[in-house]
Every structure is written in C-alpha cells, then in structure tokens.
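Enquirer: Quick one: this structure, given as structure tokens, is what I'll be asking you about.
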Amino acid sequence: MKTINSKNIVYIFVWLIIECLFNSAKSDDIRLPDSDSMHIGKGYDSITGEVKSTVCVSGTPIPLADGTPQAGNMDYEQTNSLEKLSAFSQTSVAASYGNGAFSADAFYTTLSEKKYSRFNEHLMVKVAVENQRELLPVDRLNPNSLKKDAKKAWKKGQEEFRSLCGDMFIVGKITGGEFMALFSGETSSTEEQNSMAASLNAAGKGTWGQASGSATVEERINQYYKDGKIQAKILRKGPHEEFPQLNVKDIIEYARTFPNRVKGNEATLANNTYSPWTIAWIATNYKALGLVPKDSGLLNNSIKKATLLRSLVQRANGLVFMLDQKHTDEFGDFDHGKARAEIIKINNKIADLRLSVTTCVNAKIKIKIESEECKKDLDETVLEIPARKKELPLDPSVDGLTAIVTTPKGITKVLDLKGTWFYDARSGFYGNRCSPSNNCLDNYTPITNLENGKHLNVVFRRPIRLPQNSTVYFLTHDSHRGDNKTPPSDPLKAIFYEPLYPDDFTFPGEITETTWESKPL
Numbered sequence: 024m025k026t027i028n029s030k031n032i033v034y035i036f037v038w039l040i041i042e043c044l045f046n047s048a049k050s051d052d053i054r055l056p057d058s059d060s061m062h063i064g065k066g067y068d069s070i071t072g073e074v075k076s077t078v079c080v081s082g083t084p085i086p087l088a089d090g091t092p093q094a095g096n097m098d099y100e101q102t103n104s105l106e107k108l109s110a111f112s113q114t115s116v117a118a119s120y121g122n123g124a125f126s127a128d129a130f131y132t133t134l135s136e137k138k139y140s141r142f143n144e145h146l147m148v149k150v151a152v153e154n155q156r157e158l159l160p161v162d163r164l165n166p167n168s169l170k171k172d173a174k175k176a177w178k179k180g181q182e183e184f185r186s187l188c189g190d191m192f193i194v195g196k197i198t199g200g201e202f203m204a205l206f207s208g209e210t211s212s213t214e215e216q217n218s219m220a221a222s223l224n225a226a227g228k229g230t231w232g233q234a235s236g237s238a239t240v241e242e243r244i245n246q247y248y249k250d251g252k253i254q255a256k257i258l259r260k261g262p263h264e265e266f267p268q269l270n271v272k273d274i275i276e277y278a279r280t281f282p283n284r285v286k287g288n289e290a291t292l293a294n295n296t297y298s299p300w301t302i303a304w305i306a307t308n309y310k311a312l313g314l315v316p317k318d319s320g321l322l323n324n325s326i327k328k329a330t331l332l333r334s335l336v337q338r339a340n341g342l343v344f345m346l347d348q349k350h351t352d353e354f355g356d357f358d359h360g361k362a363r364a365e366i367i368k369i370n371n372k373i374a375d376l377r378l379s380v381t382t383c384v385n386a387k388i389k390i391k392i393e394s395e396e397c398k399k400d401l402d403e404t405v406l407e408i409p410a411r412k413k414e415l416p417l418d419p420s421v422d423g424l425t426a427i428v429t430t431p432k433g434i435t436k437v438l439d440l441k442g443t444w445f446y447d448a449r450s451g452f453y454g455n456r457c458s459p460s461n462n463c464l465d466n467y468t469p470i471t472n473l474e475n476g477k478h479l480n481v482v483f484r485r486p487i488r489l490p491q492n493s494t495v496y497f498l499t500h501d502s503h504r505g506d507n508k509t510p511p512s513d514p515l516k517a518i519f520y521e522p523l524y525p526d527d528f529t530f531p532g533e534i535t536e537t538t539w540e541s542k543p544l
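Add 23 to the 1-based position in the sequence shown for this note's numbering, that's all there is to it.
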C-alpha cells in the first residue's frame, strides 16, 4: 500500500527479507529468529520472548527433502504507520517489546533503532523462501510426549508449567536464507519527497522505466545517491559472496535471484558459495499435544499492550521531530515545554508497559493474571501527531469573498494570518505596512457553519480556533484604485493547522453573526 505525506524529511525503508514461507504453519504458530539457545522441543514464552532452558517435549524430528522447488513469494507495502509495518513483517508480541529471543536479533534491533512517526515513509519489500523443514510430527504428539519434568509441572498447575515450559514449544526449524536492505532517504521539499516515494514505489515493483518528467526511475534514484540523499544498510544470512552494490536496483535484482543462492545442495555447498541458513524456528502451543491451558486472557492483554506501545512510540518520535529546530517551523504554534514533558511521560509509560508484560507472566511472584496490573492500559487512545501546516496565498487587492478552507466535523483547525500589505487609503494607513502581529488588521474573516447555516464575522487579532464543520472565507474590500497590496518579500497568506494540544486554543477575536454584506475597512 502506498502512502505519501507532506514533509521535508522522509525516511524510506526498503526491507528485502529472504526468509522462510512456512506453508503448513497454523495461524497461531510463530517464527523465531535463530540463536544458540534454540533446540527442538524446548519451551517458549510467547509474551516475554524467553526460550526456556528445559526441553519439555520429546520426539524425533522429520527432516524433509531439500526444497525442490523452493516455496516463496515476494511482496511489498509502503506506509507511514509502525502498526502496519509490524503487521506486514509479522512481528510477534515478544518482538514488539524487543524481549527474549528478539533482543539480539539483527532484524528486530534494526526495527527498534529507527525513528517511526507519521513523518517517516516506509517502503518494505519482502521475499520469502523456504528450502528445508525439520519438524516434530505434530499429528503424532500427545500428552505423553511431555518429558518427565514437564509432566510434573503440568500436574502442579498452570503457574508451575508456564514457569518451566512457557505457553509454547519449539516444534521445528526452517533453512533458507535471509537478506535485508534498509534504505534511508532524506529530502528537502514536499515535491522531492513525492518524487522519491513514487520512484522507490516503482522500484519495488521492478518498474525502472519512464517516471514523471524526463528522467527514468533508475536515473532519479541514482541522482539521489549521487546527492547523498539515500543511504543503505544490508543484513544477510546465507551465501558467502560479495554484497550487491548499495543501490536500489541492484539490491532488488539481487533479491529476485536470491532463492538460487540458498539452494543448499551438496554441489553448491562444496565450493562454499551457496549456503542455506537456519533462518527461523517454529513455535506452536501445547494444544498440539492435546493440552489446553486455562484461557486467562493474558495473551490478548499483551497484544493490546503491544499495540498501545507502538502507538506511544510513534507519538513520542513525532514530538521529537516537531521539536527539532530543522522542522519546528513546518508546524503551527505549540507549547514546546509541554511537548518535552509529554515525551518524558510517554517514555515512562513505555517502560511500565514492558515491565508489566513480564510481571504478569512471572509465576514465581504469584501475580494473578486477573489483577489490575495485568489489565491496565488496554483501552487508552493515543492521538496521532498533527500534519504539517498548510499555507494559502491571499490577494488583498481582490474585492469580495475568497473561500480558503473547509473544516470537517471532528477535526480541530486553527487559522493564522501572516505577511504584510498596504492598507486601503480610506483606512488612514495609506503607505504604511501592517501585519496581524501588529494588531493593525481590522479585516473580517467570515465563517459559514454548515450545520446551522449561520454566518460569523471574526475580527482577526491572533490565531483563532475555527468551528468544526464550517467553511472559512477571506473578505477584502479594496478601493477602486487597488491600494491593498502585498509585497513579494513578505506576502499575505492564510495558515491552517491542527493544534498539537487543541485545548490550548480558545476562540479569541470579535465574533458576531452577520449577513454577506461587505463592511468597509
């Protein structure tokens, strides 16, 4: 999915991930990154990400033949949402918190290193490949498949069993390869951002031909590299060979041929060029053994907390972006001190969420899952950071009403006027420059409320909060000589934005009901 937002800085991430396609996996199975602690039959806690030290399930894995043909697909999505990015990458609950098995994995640490806000663009391209599976025969497992210590823990109760064996066990592993390329792109204008996003979106499809204008997609992207506006980072597991060139086209083409590089047969392994890699371990729950733990709601609780956590991360990063001196002028007025205080509050809440997830599954301290500690933070709504302000040039020499904005219902908008102009001679300020900041503008901004049809006139003095579900017009009444002018160096313009903290804005100015008759200045 393609999403393009207005901004001056854009981080565009292209992730080319070559990993397994586990066709036979159940919907509640999850994939885990490779590590030395992994072993088939070990217990695993899906919430904390902890790989248990105990092998809880016994059985002989069945190795399947090398994948011929290989299973795989290729897909991509463009988004500015961390939630959608996590869903597309199939990020599990534990991965969302960066816990346990995911804490040292290169893929998930790369996720956590980057700043994700509505001002970051993401292009994710994922290629899935599977060579070989080695799995326990799940259909042959039963309660007797539990090892001795696991059986004892099960008989003692839910807490003892989860402490020893978690809520899942590792049922097998998959070999193949993994390849990830991360591109970060920076632009200096909305137009350049739109062009870069469109070019990378086309590149994700493998379309390198003509783009808008005279340059091809490939030429545009090469120019971004030449100008130092795109950087790349590569992570790969598999072939022992040189990395591809760090440009979008070479890396995407490399991804398309990557399945052949991780076939894993003896001939290719002999020359140490093509190498399969254990790219994923599969964990499934104990229902596969006919054991159905009491449904505590703990997993659903943690999933909701993970969603809340990602929303908090996205808002905090948006606040950091707005406070950056390079970007502050791109937004409407807001209380910087209040924003800094909110960042501290959000970071504390994120830390509390991470701790509560671990606390709620810690059987040793006997915290009951029905406690308030394990229920809180489930229904909190996190507001999205407002978009950049929009500016509309105004011509004060045009008589009459000019429609400048419609405010939808449910959205708070603020109007500000900037710039200088020469007043009409009849106002007594002929030849003098006036601006709203000097409080010498005595013009009217009519507002039509769409719900009741009433017209309002606002004498503009400072930024005003506009009524929702209304249309705003700018009213000018110039003389016949056309004295009302605005200098090119500081043109008159209307500025609209959603306030970061809507309650900070009241409705200043002189507001009266009126008709459409013009009033002289």
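We treat Cβ as the ideally placed atom computed from N, Cα and C, and that holds for glycine.
How would you write the range of the beta strand (DSSP E) that Asp439 sits in, first residue to last?
Expert: Lys436 to Lys441
Enquirer: Looking at Ile253 and Gly208, is the spacing between their C-beta atoms short of 8 angstroms?
Expert: With respect to Ile253, Gly208 sits close: the two C-beta atoms are nearer than 8 angstroms.
Enquirer: Which residue from Leu378, Met191, Arg284 and Pro522 puts its Cα closest to that of Lys412?
Expert: Considering only alpha carbons, the answer is Pro522.
Enquirer: Looking only at C-alpha atoms, which of Cys188, Asn165 and Leu55 sits nearest to Ala176?
Expert: Cys188
Enquirer: Are the CB atoms of Val380 and Ile70 within a distance shorter than 8 angstroms?
Expert: yes
Enquirer: Let me check understanding here. Comparing Cα to Cα, which of Glu73, Pro525 and Gly180 lies closest to Glu13?
Expert: What is shown of the chain runs 24 to 544, which leaves residue 13 out entirely.
Enquirer: What is the DSSP secondary structure of Ala48, counted as helix, strand or coil?
Expert: A caution first: Ala48 carries a pLDDT of 38, below 50, which makes its placement in the model unreliable, though a value can still be read off. Three-state DSSP puts Ala48 in coil, outside helix and strand.
Enquirer: Within 10 angstroms of its Cβ, does Pro419 collect 16 or more other Cβ (buried), or is it exposed?
Expert: buried
Enquirer: Once DSSP output is grouped into helix, strand and coil, what is the label at Asn324?
Expert: helix
Enquirer: Counting beta carbon pairs with one atom in the stretch 342-355 and one in the stretch 416-432, are three or more of them shorter than 8 angstroms?
Expert: no
Enquirer: Specify, as a first and last residue, the run of the beta strand (DSSP E) that Tyr67 falls within.
Expert: Lys65 to Tyr67
Enquirer: What residue range does the beta strand (DSSP E) around Leu424 cover?
Expert: Gly423 to Thr430
Enquirer: Just verifying my parser: in three-state terms, what is the DSSP assignment at Ala410?
Expert: coil
Enquirer: To the nearest angstrom, how far is the alpha carbon of Thr239 from that of Ala220?
Expert: 14 angstroms
Enquirer: Evaluate Gln268 with the Cβ neighbour count: other Cβ atoms within 10 Å of its Cβ, from every protein chain shown; 16 or more gives buried, anything less gives exposed.
Expert: exposed
Enquirer: Terminal residues of the continuous beta strand (DSSP E) containing Lys516?
Expert: Lys516 to Tyr520
Enquirer: Thinking just about the alpha-carbon of each residue, which of Glu157, Ile274, Phe497 and Tyr309 is nearest to the one in Phe184?
Expert: Tyr309
Enquirer: Pick helix, strand or coil for Ile70, following the three-state DSSP scheme.
Expert: coil
Enquirer: Classify Ser512: buried if its beta carbon has 16 or more other beta carbons within 10 angstroms, exposed otherwise.
Expert: exposed
Enquirer: In or out: Thr471 buried (at least 16 other Cβ within 10 Å) or exposed?
Expert: buried
Enquirer: Exposed or buried, which one is Arg338 when buried takes at least 16 other CB atoms within 10 Å?
Expert: In this structure Arg338 is buried. Its beta-carbon is surrounded by 16 or more other beta-carbon atoms within 10 angstroms.
Enquirer: What are the boundary residues of the alpha helix (DSSP H) that Asn283 is part of?
Expert: Asn283 -> alpha helix (DSSP H) spans Val271 to Arg284.
Enquirer: In whole angstroms, give me the CA-to-CA distance for Val194 and Gln155.
Expert: 14 angstroms
Enquirer: What's the gap between the Cα of Gln216 and the Cα of Leu169?
Expert: 56 angstroms
Enquirer: Can you tell me the Cα-Cα spacing of Lys328 and Asn371, whole angstroms?
Expert: For the pair Lys328 and Asn371, the Cα-to-Cα distance works out to about 14 angstroms.
Enquirer: Decide if Leu415 is buried, meaning its Cβ has at least 16 other Cβ atoms within 10 Å, or exposed.
Expert: exposed
Enquirer: Determine the DSSP secondary structure at Phe354, reduced to helix, strand or coil.
Expert: coil
Enquirer: Going by CA-CA distance only, name the one from Cys79, Tyr496 and Ile326 that's closest to Lys174.
Expert: Looking at the Cα atoms, Cys79 is the closest of the given residues.
Enquirer: So, helix, strand or coil for Ser76, using DSSP?
Expert: strand
Enquirer: Using CA coordinates, which residue listed in Ser325, Asp375 and Glu242 is at the minimum distance from Gly72?
Expert: The closest CA to that of Gly72, considering only Ser325, Asp375 and Glu242, is found on Ser325.
Enquirer: DSSP three-state call for Thr509: helix, strand or coil?
Expert: coil
Enquirer: Would you tell me roughly how many angstroms separate the C-alpha atoms of Phe528 and Ala517, rounded to the nearest one?
Expert: 17 angstroms
Enquirer: How would you call Thr85, buried or exposed, if buried means at least 16 neighbouring beta carbons within 10 angstroms?
Expert: According to the sequence provided, residue 85 is Ile. The question's Thr does not apply to it. By the neighbour-count rule (16 or more Cβ atoms within 10 Å), Ile85 is not buried but exposed.
Enquirer: For Ile369, collect the residues of the same chain with a Cβ closer than 7 angstroms to its Cβ; drop the 5 residues on either side in sequence, then sort them by chain order.
Expert: Within the same chain, Ile369 has close Cβ partners Leu335, Arg338 and Ala339.
Enquirer: Do Val405 and Leu489 have their CB atoms nearer than 8 angstroms?
Expert: no
Enquirer: Count the other C-beta atoms from every protein chain shown that fall within 10 angstroms of the C-beta of Pro56, then say buried if there are 16 or more, exposed otherwise.
Expert: buried
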